[in-house]
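Engineer: Numbering (this note's numbering), first residue to last: 1030 to 1353.
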Amino acid sequence: MTDESAVDITIDLDHAPEERPASSPRSVPWLVATGVTVLAAALGLTLTLRSGSAPACAAAAPPTGNATHSGKATFYDSKGAGGNCSNPAAPANRLYVALGPSEYSAAAACGGFLDVTGPKGTVRVLIMDQCPECAPGHLDLSREAFARIADPVQGLVPVTYRAVVNPPLPGPLTFRMKEGASQWWFALRVGNHGNPLRSVEVRQGDSGAWQSATRQDYNYWLIDAGAGPGPFSIRVSDVYGNRATVGGIRLAPGQVQNSVVRMYGRGAVAATPRASTSVRPPGSRPAVTPTPARRPVEVAKASAPTTGTPTTQPAGANARWCAG
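1. So residue 1165 and residue 1132 are supposed to be a Cβ contact under 8 Å. How far apart are they, rounded?
2. What would DSSP say about residue 1306, mapped onto helix, strand or coil?
3. Which residues does DSSP list as the beta-bridge partners of residue 1126?
4. Measuring only the C-alpha atoms, how far is residue 1013 from residue 1136?
5. Apart from the five residues on each side of it in sequence, which residues of its chain come closer than 6 Å, Cβ to Cβ, to residue 1241?
6. When DSSP labels each residue in this structure, what does residue 1177 get in the three-state scheme?
7. Taking buried to mean at least 16 other C-beta atoms within 10 Å of its own C-beta, is residue 1104 buried or exposed?
8. To which residues of the same chain is residue 1179 closer than 6 Å at the C-beta, ignoring the five residues directly before and after it?
9. Measuring alpha carbon to alpha carbon, tell me which of 1140, 1124 and 1114 ends up nearest residue 1245.
10. Let me check understanding here. Comparing Cα to Cα, which of 1096, 1260 and 1289 lies closest to residue 1198?
11. Please classify residue 1268: does DSSP put it in a helix, a strand, or coil?
12. Between which two residues does the beta strand (DSSP E) holding residue 1206 run?
13. For residue 1230, verify whether its CB is less than 7 Å away from any heavy atom of the ligand GDP.
14. Looking at the unbroken beta strand (DSSP E) that takes in residue 1227, where does it start and where does it end?
15. I'd like to know whether the C-beta atoms of residue 1258 and residue 1278 end up nearer to each other than 8 Å.
16. Considering only C-alpha positions, which residue in the set 1252, 1206, 1200 and 1237 is nearest to residue 1295?
17. Using only alpha-carbon positions, find the residue among 1209, 1144 and 1214 that is nearest to residue 1188.
18. Using CA coordinates, which residue listed in 1195, 1116 and 1184 is at the minimum distance from residue 1270?
19. Given residue 1102, which residues of its chain have a CB within under 6 Å of its CB, disregarding the five upstream and five downstream residues?
20. Pull up the CB-CB distance for residue 1153 and residue 1193, whole angstroms please, since I reckon it's below 8 Å.
21. When you compare each of 1122, 1212 and 1218 to residue 1205 by their alpha carbons, which one comes out closest?
22. Whose CA, out of 1256, 1293 and 1139, lies closest to the CA of residue 1274?
23. Going by Cα to Cα distance, which pick from 1212, 1098 and 1124 is closest to residue 1109?
24. Measure the alpha-carbon distance for residue 1306 versus residue 1280 and round it to whole angstroms.
25. For residue 1254, count the other beta carbons within 10 Å of its own beta carbon; 16 or more makes it buried, fewer makes it exposed. Which is it?
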């Protein structure tokens, strides 16, 4: 079997043309349950909480650590769009993947990488999208990525996959304030972080208390009441404990701001870009942007068997998702 996992990722994912399709939220079917079913579910939840099981935050999380998972793969085409992770565009090498809701985990997977192995070999893909109809273990690859691991005529193939821990970085961290951001409504996207992120913290200037931003399912980090007029210091932490701090990030909505700080490895030092005075008057907070709609999955019909459900992450894995 040919191993094609050594993908040269040298592009900056935040500097492609910023063209994304208009949002059109997908409808989600609801499960209609009888009163008995609802009561049983409530009792089951109570028993789970009393039994000391894993907390709810561990129920849905991206693949991390050294665990190898088994599942199946199909393919689709984003038509150049950057997916639910709000990337400006698909990566230039067009090697990307969409995950089902549990593994996408409300954008917690965004920006990470997977090594996916199929009948023909292995490919490394960027996690940039959500596949609403995909069950755990179902990877929806780009057409180009699928062709690296299987004959596209098959349409559906069994695969194994695992997270890439500390992958080579495409460049230093980048930051993009969302359109409409102001001193009264803070919204930031972080790029080039390599591993999935655990937290983003913000403070005005280079002193004072840190404020925690909240991740949205379209991969922006929000502080609903704002964080001041800037410039800001941004502290970024990933699920493996890597942390980087960048100073001087301006309040410049719609602009990608480059730093010289890498999330880990060479260049992991503080930077101080030029400050800005961009503000917005109170009372005009913009509406929150919904998750970008993802085009329907485009796959060939096939009857290839799967290899079962994904394995669970071993207890020794060191990724952390719960706060605290």
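Virtual Cβ for every residue (Gly too), placed ideally from N, Cα, C.
Structural biologist: The relevant details are as follows:
1. If you number the sequence shown from 1, residue 1165 lands on position 136. If you number the sequence shown from 1, residue 1132 lands on position 103. Confirmed, Cβ separation roughly 6 Å.
2. By one-based count along the sequence shown, residue 1306 stands at place 277. Confidence at residue 1306 is low in this model, with a pLDDT of 35, below 50, so its placement is unreliable and the value that follows should be read with caution. It is coil, neither helix nor strand.
3. For the purposes of this step, residue 1126 is identified with residue 97 of the sequence shown, where counting begins at 1. Paired residues: 1156 and 1170.
4. The chain is shown from 1030 up to 1353; residue 1013 falls before or after that span and cannot be answered.
5. For the purposes of this step, residue 1241 is taken as the residue at position 212 of the sequence shown. 1230, listed in sequence order.
6. Position 148 of the sequence shown, counted from the start, is the residue given in the question as residue 1177. Note: residue 1177 maps to helix in three-state DSSP.
7. Taking the sequence shown and counting its residues from 1, the one referred to as residue 1104 is at position 75. The residue is buried, with at least 16 neighbouring Cβ atoms inside 10 Å.
8. By one-based count along the sequence shown, residue 1179 stands at place 150. Answer for residue 1179: 1147, 1148, 1149 and 1186, listed in chain order.
9. Here residue 1245 refers to the residue found at position 216 of the sequence shown. Nearest option by C-alpha distance: 1114.
10. The residue labelled residue 1198 in the question sits at position 169 within the sequence shown. Taking only the C-alpha atoms, the option nearest residue 1198 is 1289.
11. Stepping through the sequence shown from its first residue, residue 1268 is reached at position 239. Three-state DSSP puts residue 1268 in coil, outside helix and strand.
12. Along the sequence shown, one-based indexing puts residue 1206 at 177. Its beta strand (DSSP E) spans residues 1203 to 1206.
13. Questions concerning the ligand GDP fall outside what the structure shown contains, since it holds no ligand whatsoever.
14. Taking the sequence shown and counting its residues from 1, the one referred to as residue 1227 is at position 198. Element bounds for residue 1227: 1226 to 1233.
15. Your numbering for residue 1258 matches position 229 in the sequence shown. Your numbering for residue 1278 matches position 249 in the sequence shown. Against a cut-off of 8 Å, the Cβ pair of residue 1278 and residue 1258 comes out as no contact.
16. In the sequence shown, residue 1295 corresponds to position 266, counting from 1. When each option's Cα is compared against that of residue 1295, the closest is 1200.
17. For the purposes of this step, residue 1188 is taken as residue 159 along the sequence shown, with counting starting at 1. The residue with the shortest Cα to Cα distance from residue 1188 is 1144.
18. As a working note, residue 1270 is residue 241 in the sequence shown. Selected option, being the one with the closest Cα: 1195.
19. Taking the sequence shown and counting its residues from 1, the one referred to as residue 1102 is at position 73. Within the same chain, residue 1102 has close Cβ partners 1168, 1170, 1186 and 1188.
20. The residue given as residue 1153 occupies position 124 in the sequence shown. The residue given as residue 1193 occupies position 164 in the sequence shown. The pair is a contact, with the Cβ atoms about 6 Å apart (cut-off 8 Å).
21. Start at 1 with the first residue of the sequence shown, and residue 1205 comes out as number 176. When each option's Cα is compared against that of residue 1205, the closest is 1218.
22. Translated into positions along the sequence shown, residue 1274 becomes position 245. The residue with the shortest Cα to Cα distance from residue 1274 is 1293.
23. Position 80 of the sequence shown, counted from the start, is the residue given in the question as residue 1109. The shortest Cα separation from residue 1109 among 1212, 1098 and 1124 belongs to 1124.
24. The residue labelled residue 1306 in the question sits at position 277 within the sequence shown. The residue labelled residue 1280 in the question sits at position 251 within the sequence shown. In this prediction, residue 1306 has a pLDDT of 35, which is less than 50 and means its spatial position is unreliable; nothing more can be read from the coordinates.
25. Taking the first residue of the sequence shown as 1, we reach residue 1254 at position 225. So residue 1254 ends up on the exposed side.
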